[in-house]
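Chains as they are written, first to last, in our numbering: chain G, 8 to 344; chain B, 576 to 823; chain S, 969 to 1272; chain H, 80 to 545.
Ideal placement from N, C-alpha and C gives every residue a C-beta, glycine not left out.
This report refers to the structure that appears directly beneath it.
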Amino acid sequence: MDLGAIVQNALRAGVGPDAAVFALAAIGLNVHFGYTGLRNFGQVGFMLVGAYGLGVCVDTLGWSMWVGIPIGLLAAVVLAFALGAPTLRLRMDYFAIVTIASAEILRFVARSTPATDVTGGPFGLPKPRSGGKRPLASEFFALSPFEPGRRYGIGQLQFSGNALWSLLVGWTLVALCTVLVATLVRSPWGRVVKSIREDEDVVRSLGKNVFAFKMQALVLGGMIGALGGIMLALANSSVGANSFQPQVTFFAYTILILGGAATRLGPVVGAFLFQLVFAGSQSLLSQLGAEGHLPALLRGDEAQGALALGLVGVGLMTLMAFRPEGIFGSKQEMVLG
Amino acid sequence: MTAPDDEPAEVALSAADVVAGYLPGVDIVNGCSVEVGVGELVGIIGPNGAGKSTLVKAIFGLVPVRRGRVELRGRDITNQAADQLVAAGVGYVPQNNNVFPSLTVAENLEMGLYLRTRALAERTAFVGELFPVLGARRTQRAGSLSGGERQMVAMGRALMMDPTVLLLDEPSAGLSPRFQSEVFSRVRSVNDAGVSILMVEQNARRCLQVCDRAYVLDQGRNAYTGPGRSLLDDPKVVELYLGTLAQA
Amino acid sequence: MADADADLVAERAALAEAERTIAPGSAARAARDVLAEVEPEPGVAKPDPILVVEGMRRSFGGLTAVDVDHLEVQRGAITALIGPNGAGKSTLFNLLTGFDRPDHGNWSFDGRPLVGLRTHQIARLGLVRSFQLTKALARLTVLDNMKLAGQDQAGERLLPALARPRWRAQEAAIEGRADALLERFQLSAMRSQLAGTLSGGQRKLLDMARALMTEPRLVCLDEPMAGVNPALTQSLLHHVTGLRDDGTTVLFVEHDIDVVMEISDWVVVLGEGRVIAEGPPHTVAKDPQVIEAYLGVADEENVG
Amino acid sequence: MSRRVRRPFDRAALAAAGLVVAVVLCSAGVADAQETTTTAPAATAVGGTVKVEGKALEGVRIVVTDTANRTVGEVRTDSEGVWTVPVPRAGAYRITLDTKTLPAGVRLRDPDRRRLEVQVQGGRTRFVLFGLTRGDGGGDGSGTSVPGTGAGSGTGGARAGGLSLGDRLARAAVNGLLFGLIIAVTAIGLSLIFGTTGLVNFAHGELVAFGAVAAWFLNVRGLHIGPLAGPRLQLVLAALVAVALGGALGAGLDRGIWRPLRRRRTGRFQMMVISIGLSIAARQGLLIWFGSGSPKYRDYGLQRAWRFGPVAITPRDLAVIAISVVVLVGVAVMLRSTRLGKAMRAVADNPDLASSSGINVPRVILLVWVLGGALAAGGGVLQGSATSVNYLMGFNLLLLMFAGVILGGLGTAYGAMAGSIVVGLATELSAVFIKPELKTVAALAVLIGVLLVRPQGLLGSRERVA
């Protein structure tokens, strides 16, 4: 068995562009759930509108990425208002179900054949037949100082030029959003949203417009999620509805709980660990399979992918049952909450 | 009215030096002892927050008893699960949410007899005699009843199992004076039918009038006990609980 | 260890304060004198009402929880709201402060109609409540609990929040006031502890102190003394009368008759959601209807 | 006293859950040992079977092109009608059926669906179906009605051309009723579990898929326990066994996971997230066990439809409707008038009071899980026989089940039944007016709309929300 290869695969996934995308989604969710207590189960919907906002602008309309990115973020603001205005006053289980249903509606519509001319329908973007008016990520990679074909890295940890550029930009955005959120939660604004998480009646009784604060948090976290979607579109040079399944939101929750909700670095550490463990276990399973150590049922990519994903589910259950405060969270705060 | 001044010959229910509370380290009941003789109607009064309701809940196993002992006819029932106590012959009527709102009155009564369905007709008839109003409302959902009627349903439900001891938590709470009188007279007639009763009440004066004996609780401890009527005239009780209003 | 010491210090201070007699100040005398002129009958008009309730009804299913025809609360006085369990006191509180909506009815605060206003708007007008079950924001520090109640903090708006200089001075002022109040309520030692670690009595104090941070003109206290040990009760009583003496109107729900008699200037009695009596404490205590509802009929001859 | 009653039941529940595991493991082993017809070798590929009215068509030409319109492969179907084209990597592909190679008299039900666009996942074979019919002039539409769930399969809606709006609505109403009844059967458990324990169970869909999959193994593979090989069970028999296994699995889940969590006083939100984890894990378990294919049961596969005026319905679908109605009425009667049913409603109303009345609450909850698991499994078999069996079928139904439960008013079983039928009807009726692939969107939009206008549900009372 090649342990080195497993570690390498795991590490590459842990720092790769996908980890940065997940970290952004989880930072947004941390604003919603961790700090404000909003049980948003449709975070993937914000990622979707971000990615498609950019994709449609560039591919379908042929506009610049620099127009597409603000439009993707704006789409998240619109979604937050559309979702929040009627539902933020509902009880929390309803909010959870409305958000997940809305994200599913967006996904179904985006991948439907009537939407093909706009979103590429089931094929996604870039559109297969006509081809887009403009390659999705050409402007993005044109900024890259690295040669696309060359491999960069230290020792075994190698990335192509484009992947390296994506991950550098991705993690830079993660760092910026982390600082932004940290600044906000330490401000009086953060004090109010954290109080809403504890008991919104108290906050209301002290003269704060709870609804407005919740809406601000929903917009902010949604925009950070959309940034994740935009980053995903750029790194892959494509947008497909299949990347926005409901389970992406659940992964973001896993990441958040793994790293510790309502902590500054929780989403970042969580995303790194999640990708590390996920890719590592997949790599390990595939090696075990190749060497014939696995039962016949578990051979093959499909079964091993399923097993690794199944382990995520078991991990989420175990974490939530035994360490809901996360690996690095504070037990004391959890007990009080 | 039976108001024996001496100790009752046979003890139906006793709680000795009970210490109990909801949260770890916070004792609400702090060494209470009460006894209910067979056929007795015993009241517990005391200021708000004195731990009256908690004591009854602790006896019924809903609040953990940390120290002390609860006995039913000499048998240890400390911290037993509620459904087991019901099977053993203890009935309990909580203060709030004491009916199943989406079930009909008849179904509410049936749930009271969950463990012993065979006697349904007989027990329903017995409860129907005690609370005639329930007969007329048999098929009505309990959630649509008035507060006083709910109290009757709740008591009726607790009586379905033919309990030897009935625990009542503030049966008059939230009721108008007219309904309070009604409830107290029903409590008295249930007791006359042979059921020993331990009743927590905030309406001290009425409680003392109807009870054979009463305990006054203060800060989770027994303060006074004695026959109901004599407590009414006890200056110390008046000072401690009936307070300024009673002097009026 | 430090915490234990702090608790001890606080307890001793509370006891010391309890020993001081609660002497009615001039504000108290003024309030009582004015109210002495008012007829003790349900729905009576007051000389200078800060809160006026008109035809307020709220029912849940078949139960009418609140049915108040007319009620006025005198400015600058301590008004107690009493009544048996389930008489509708807490529901009335919820209606007045916007936490629940009446089926119909009007009420106004300082001449401003409150119908249709949301909870936080009512609070901003200066009508602020505390809660029966204390609601400390457990995972915030005691100081942050207090600072939350500061009004008009620019840093609570999303964009200014990012620019610390915009709100730093204001924050310092709010913190100063918070510390002063914590001092007054003997909570200074716990200021940086998480509020969830406070004892029940300390949470009551924090709850009240936090409501005062908003500088309310009328503060509604829902059973401020419930579940509090006697020493602390004295201290809380002192705080309540202190409020009135500082010019704040107080409306409070209380079960303990002694407390009501001792500190209230006016008593309103609810029974089945209606105002069945109101008047100065000692007048109300003699009201046969109150005795009937609250204590039960002693004996027919006693009532007659 | 009651403890003595409870113990053997506990053991029975655990034993039953053990049995489920044993059957799963054994049949899984078998699945692997045999040549599978559904799970092709784990390569990235597209494939399918070309059949008309159950008869395989040989020599039909299929062309696969990629997003850049380059031809990836081209095959003709074999004597079984089967074709497979390996593709280089995951992604979108277009599959075209050469209609010129179809035998005379056979045509596509929907001429527009000659060319299908599919998304292929790495390491999986994506199944593609072309809806064919014998065009003997009558144009009598589909031989099999497909109340699909928008699972993304290639079998979109067979849109019967040339029918009047009224006829199309009538057909959609029948399909909607069928679909709604199936949702109702599965959703009762979800509603009862929420009502009695407060758990919003995201893993309920996997109970549905479990039932369908278990019945498929028993029906198509036969019963295998260890070395013992039994006969393949007729579907009705297989369904009964699957329902029993579903009940046992429900009991096992309650005892193994949820009851210990309730005892630890785990919060409602925490439990909900745990159920999400369980749902992910169970879904992947089903994938490993069953594969990603969408096969059908052996029995009642293809039937000629009976016609009632404008409505054509197969005897099988009629039977599904009848069975669902009988089950729903049975459950309603059980809840309304049996002692246990009343106890379930009592526990849902107020668990503390129920236990103060002498009701053994944990045992009632266990029985709710047994009932919920059995109904979910049964609903899965019904859905599987009306469409096909797939490991994702439960997850695809989940949001619609939530919709039904919420529409009816959270936690009331009768409401869940009514709400589910509304959801089924909304789903199918909407397909008359919008693209069938968007019908799930319509159902979810109805859900959101109702939540905004009547958060207490269609039948719930206002007080429940407060």
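How far does the alpha helix (DSSP H) with residue i in it extend, from its first residue to its last?
| i | result |
| --- | --- |
| G/Q294 | G273 to A297 |
| H/W337 | No alpha helix (DSSP H) holds H/W337; DSSP gives it neither H nor E. |
| H/H283 | H283 to W295 |
Return no unless some Cβ of chain H is closer than 9 Å to the Cβ of residue i.
| i | result |
| --- | --- |
| B/L807 | no |
| G/E207 | no |
| G/R19 | no |
| B/E724 | no |
| B/M686 | yes |
| B/P639 | no |
Using the three-state DSSP reduction, which class does residue i fall into: helix, strand or coil?
| i | result |
| --- | --- |
| B/C786 | coil |
| B/T800 | strand |
| H/Q313 | coil |
| G/W363 | No information on residue 363 of chain G is available, as it lies outside the stretch 8 to 344 that chain G covers here. |
| B/M735 | coil |
| H/T128 | strand |
| H/I513 | coil |
| B/A538 | Because chain B in this structure spans residues 576 to 823, residue 538 of chain B falls outside the shown range and cannot be described. |
| G/L265 | helix |
| H/V197 | strand |
| H/M413 | helix |
| H/I174 | strand |
| H/G108 | With a pLDDT of only 41 at H/G108, under the threshold of 50, the placement of this residue in the model should not be trusted; the figure read from the coordinates follows. It is helical. |
| H/N148 | coil |
| G/S167 | strand |
From which residue to which residue does the beta strand (DSSP E) around residue i run?
| i | result |
| --- | --- |
| S/A1247 | Note on identity: in this sequence residue 1247 of chain S is Gly, with Ala being the wrong assignment. It spans R1242 to G1247 - the beta strand (DSSP E) in which S/G1247 sits, taken as one unbroken run. |
| B/V609 | V604 to G612 |
| S/H1038 | L1031 to Q1042 |
| S/E1022 | P1017 to F1028 |
| H/V449 | Counting along the chain, H/V449 falls outside any beta strand (DSSP E), though it belongs to the alpha helix (DSSP H) covering V440 to A465. |
| H/V142 | R140 to D145 |
Comparing the C-beta of residue i with each C-beta of chain G, is any distance below 9 Å?
| i | result |
| --- | --- |
| S/Q1100 | no |
| H/Q313 | no |
| H/L432 | no |
| S/K1172 | no |
| S/K1254 | no |
Tell me, please, whether the CB atom of residue i is closer than 9 Å to any CB atom in chain B?
| i | result |
| --- | --- |
| H/K518 | no |
| H/G437 | yes |
| S/L1200 | no |
Measuring from the CB of residue i, is there a heavy atom of the ligand HEM at a distance below 8 Å?
| i | result |
| --- | --- |
| S/S1027 | With respect to small molecules bound, the structure shown includes none, and the ligand HEM cannot be examined in it. |
Any beta carbon from chain S within less than 9 Å of residue i's own beta carbon?
| i | result |
| --- | --- |
| B/A748 | yes |
| B/N778 | yes |
| G/K221 | no |
| B/A595 | no |
| B/V601 | yes |
Show which residues of chain C have a CB atom less than 8 Å away from the CB atom of residue i.
| i | result |
| --- | --- |
| G/T120 | Note that chain C does not occur in the displayed structure, where the protein chains are G, B, S and H. |
Would you grab the beta carbon distance between residue i and residue j for me? Rounded to a whole angstrom, and I think it's under 8 Å.
| i | j | result |
| --- | --- | --- |
| H/I262 | H/M413 | Not quite, the Cβ-Cβ distance comes to about 19 Å (not below 8 Å), so this is no contact. |
Cβ contact (3+ pairs, closer than 8 Å) linking the region 277 to 291 of chain G and the region 139 to 159 of chain G
no
Hey, is the region 156 to 166 of chain H in contact with the region 187 to 197 of chain H, meaning 3+ C-beta pairs nearer than 8 Å?
No, because fewer than three Cβ pairs between the region 156 to 166 of chain H and the region 187 to 197 of chain H fall closer than 8 Å, the two stretches do not touch.
For the structure I just gave you, are there three or more beta carbon pairs, one from the region 515 to 528 of chain H and one from the region 444 to 460 of chain H, closer than 8 Å?
no
Do the region 382 to 395 of chain H and the region 468 to 477 of chain H make contact, defined as three or more Cβ pairs closer than 8 Å?
Segments in contact, no.
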